[in-house]
């Protein structure tokens, strides 16, 4: 089904096939999960090139219900690109697309030179990524289960945040819980940002010890069945002071407003503006420097981007402000970051339904006081 | 120092500067550790472009002993590439290199169009990577400490491998120990491959329960001070049978032979051949399908590649077979993989010294029987 849709997109681009080098796209199309691999998607067949390391894995995949149909496995001889070139030469001078955002200039030039007249290569943009924006029922099922499992992890993790523990120790505990819960791996490097460190939205967990009076931002995620989920909560160590509670409530209000704006037909910019205006009402607009959310799927950051509408410039027209459709899954994660004070972020994962929105994660959102 | 060497390479390529987009190279040059960022290295200055999220981090770096000299921080306005283009326009029509193996075709085309006559962009190959192959004293110190710390982790981890635990549970335990030991993160996804699963050199840890009679391959690593170390041991659960002991001993002999071949002036292909011939002596040449080792540094896989010498083809000349020099750090990790039976791999990290070799990791190499 995914391959059929891709073939329609390939034909619409006036191409005979597509060389798929972006590994998340390879997984999406074939269920093959490795750290190397190339596919050539042709009208009747998919050629999947993998190296010796994956020989056994790819053959058991092919024999399973999850193997992609009409797929021929080709083992690497010497190098990926030599094998790819040798294989493409056996096709009949095809017009092949390559993935322009993934393929490096060096590799593109090398492939073109090696192929000579045996094929023409044309950069394409996001042919597979566009298919991935709206999730199919299997993907929604994986994301739903992942979000529930991550919520269960969160209930434990949030109570682990206690004075005396270092950020790194707490992050290691989070990671251990994620993997023990059955996730394949963490979907990104766990963030534990305490006290003034939380003023950096993407702080690395460091050696700082958590202490009473801190707000602690915990942002973590897992990969379940190949799909990424993502959750953030901010915890208070001891009774919060008035400013901590005020900023927390403002971010929570922004998240409520953004979630309420999610529905088919809305624009991503509308959802983002809802969060931004709520924070602005508390004089915290300047403290919110990132986008309100990002798509979730085979990658932890994918389309749609839930951010401010971008205006046209002298150099570029305004990019499209994604129309929200049923089947999209993304995060809603407003935050407020105040230098030398700290920060707050609250993040949940939502699915766009035909009627509006379903919040897939399920963890209390009131400020937890440890 | 690193920047000075790079500037010499830039001048030798007849360029005025280099746009650095590969993040490990960015870290190497500036010590900035983020998930996004671009640098423009010019003769007198380095311009480091980062977004809002890293503002506080990059300013505290600049104020520390680890900040790179003569670096000017530029905050992203709207997008990285718009900011980059606007900044390059303020320089005087420079001839700039880009990183050909890192920059995508799409991004290259977009930058070229946006810059027009304001600059010329030329793909370059590995200008920074070439500097990174031979480590400086600070890097050797980080790798040495990392290797010792990882060895300490291994002593615990190897005893954790017991019948009844699942591969995933054991991998989670490994990860927890790595992070608790003070590593910044795992340097790759931990491999726990037991029984017949170990026939796949890069098996993911799965749901299989370890059981008596298994050989279990544990391959794991950490990042210390920004530098990656890597270690593999194979453990027997219960008394090994004759074939398990035979294959283990053959791999150990191959590792000994390869380590003995490491010295300044050797070729990478010599080291690889030493391992391969040892395995061949036990009729296991076919069972060893990967390279003998890979460089370690800011990335977990970098130059030199310790693999078979590649011959010239009709399409390409023979690539250089790296000459081994003091200051190189790489893994020595022969293995044997037998379908439907299992596998063995033994991996240590070595530093090339003026006199020969120093093994940085330090964990008993005899078959551990749990």
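Residue numbers (the working numbering), protein chains in the order written: chain A, 2 to 371; chain B, 2 to 371. We treat Cβ as the ideally placed atom computed from N, Cα and C, and that holds for glycine.
Three-state class that DSSP yields for residue i in the structure shown
{"i": "residue 270 of chain B", "result": "helix"}
{"i": "residue 181 of chain B", "result": "helix"}
{"i": "residue 307 of chain B", "result": "strand"}
{"i": "residue 24 of chain A", "result": "helix"}
{"i": "residue 30 of chain A", "result": "helix"}
{"i": "residue 48 of chain A", "result": "strand"}
{"i": "residue 11 of chain A", "result": "helix"}
{"i": "residue 331 of chain A", "result": "strand"}
{"i": "residue 62 of chain A", "result": "helix"}
{"i": "residue 300 of chain B", "result": "coil"}
{"i": "residue 40 of chain B", "result": "strand"}
{"i": "residue 276 of chain B", "result": "helix"}
{"i": "residue 350 of chain A", "result": "strand"}
{"i": "residue 325 of chain B", "result": "coil"}
{"i": "residue 67 of chain B", "result": "coil"}
Any C-beta of chain B under 8 Å from that of residue i
{"i": "residue 104 of chain A", "result": "yes"}
{"i": "residue 295 of chain A", "result": "no"}
{"i": "residue 176 of chain A", "result": "yes"}
{"i": "residue 8 of chain A", "result": "no"}
{"i": "residue 195 of chain A", "result": "no"}
{"i": "residue 313 of chain A", "result": "no"}
{"i": "residue 14 of chain A", "result": "no"}
CA nearest to the CA of residue i, picked from the options
{"i": "residue 210 of chain B", "options": "B/332, B/196, B/187, B/371", "result": "B/196"}
{"i": "residue 33 of chain A", "options": "A/2, A/72, A/44", "result": "A/72"}
{"i": "residue 41 of chain A", "options": "A/107, A/90, A/192, A/311", "result": "A/90"}
{"i": "residue 246 of chain B", "options": "B/291, B/362, B/367, B/266", "result": "B/367"}
{"i": "residue 326 of chain A", "options": "A/344, A/349, A/342, A/359", "result": "A/359"}
{"i": "residue 3 of chain B", "options": "B/31, B/191, B/13, B/328", "result": "B/31"}
{"i": "residue 58 of chain B", "options": "B/365, B/36, B/46", "result": "B/36"}
{"i": "residue 175 of chain A", "options": "A/128, A/259, A/232", "result": "A/232"}
{"i": "residue 271 of chain B", "options": "B/299, B/230, B/129, B/294", "result": "B/294"}
{"i": "residue 113 of chain A", "options": "A/61, A/177, A/329, A/20", "result": "A/20"}
{"i": "residue 284 of chain A", "options": "A/259, A/266, A/244", "result": "A/244"}
{"i": "residue 301 of chain B", "options": "B/165, B/264, B/345, B/148", "result": "B/148"}
{"i": "residue 374 of chain B", "options": "B/141, B/120, B/167", "result": "Here chain B has residues from 2 to 371 only, and residue 374 of chain B is not among them."}
{"i": "residue 279 of chain B", "options": "B/259, B/265, B/297", "result": "B/259"}
{"i": "residue 108 of chain B", "options": "B/96, B/131, B/81", "result": "B/81"}
{"i": "residue 123 of chain B", "options": "B/97, B/133, B/105", "result": "B/97"}
{"i": "residue 95 of chain B", "options": "B/12, B/28, B/103", "result": "B/12"}
{"i": "residue 203 of chain B", "options": "B/88, B/190, B/38, B/212", "result": "B/190"}
{"i": "residue 54 of chain A", "options": "B/333, B/342, B/291", "result": "B/291"}
{"i": "residue 254 of chain A", "options": "A/277, A/265, A/161", "result": "A/277"}
{"i": "residue 361 of chain A", "options": "A/251, A/303, A/230, A/337", "result": "A/230"}
{"i": "residue 251 of chain B", "options": "B/56, B/282, B/221, B/102", "result": "B/282"}
Chain A contact for residue i (CB, 8 Å cutoff)
{"i": "residue 94 of chain B", "result": "no"}
{"i": "residue 58 of chain B", "result": "yes"}
{"i": "residue 304 of chain B", "result": "no"}
{"i": "residue 152 of chain B", "result": "no"}
{"i": "residue 274 of chain B", "result": "no"}
{"i": "residue 84 of chain B", "result": "no"}
{"i": "residue 169 of chain B", "result": "yes"}
{"i": "residue 54 of chain B", "result": "yes"}
{"i": "residue 155 of chain B", "result": "no"}
{"i": "residue 173 of chain B", "result": "yes"}
Residue i: CB within 7 Å of a non-hydrogen atom of the ligand GTP
{"i": "residue 186 of chain A", "result": "Although the ligand GTP was asked about, the structure shown includes no ligands whatsoever."}
Beta-carbon neighbours of residue i, restricted to chain D and to distances below 9 Å
{"i": "residue 101 of chain A", "result": "Protein chains in the displayed structure are A and B, and chain D is not among them."}
Which residues, in order along the stretch 113-143 of chain A, keep a beta-carbon less than 7 Å from a beta-carbon of chain B?
-> 115, 124, 126
The stretch 329-358 of chain B: positions lying closer than 8 Å to chain A by Cβ = 340
Listed from N- to C-terminal order along the chain, which residues in the stretch 180-191 of chain B have their beta-carbon within a distance smaller than 8 Å of any beta-carbon of chain A?
-> 180, 181, 183, 185, 186, 190
Using a Cβ-Cβ cut-off of less than 7 Å, give me the residues of the stretch 62-76 of chain B that come near chain A, in sequence order.
-> none
Just by C-beta distance, which residues in the stretch 278-292 of chain A are closer than 9 Å to chain B?
-> 290, 291
For the stretch 199-232 of chain B, enumerate the residues whose C-beta is nearer than 8 Å to any C-beta of chain A, in chain order.
-> 200, 201, 202, 203, 204, 205
Along the chain, which unbroken stretches of the alpha helix (DSSP H) at least 4 residues long are found entirely within the stretch 76-114 of chain B?
-> 81-91
Within the stretch 164-252 of chain A, note down every full alpha helix (DSSP H) run reaching 4 residues or more, in order along the chain.
-> 168-181
Write down every uninterrupted run of the beta strand (DSSP E) in the stretch 115-161 of chain B whose length is 3 residues or greater and which is fully enclosed by it, in chain order.
-> 121-125
Closer than 8 Å, Cβ to Cβ, to anything on chain B: give me those residues from the stretch 31-46 of chain A, in chain order.
-> 34, 35, 36
Name, going along the chain, the residues of the stretch 246-272 of chain A whose beta-carbon falls closer than 7 Å to a beta-carbon of chain B.
-> none
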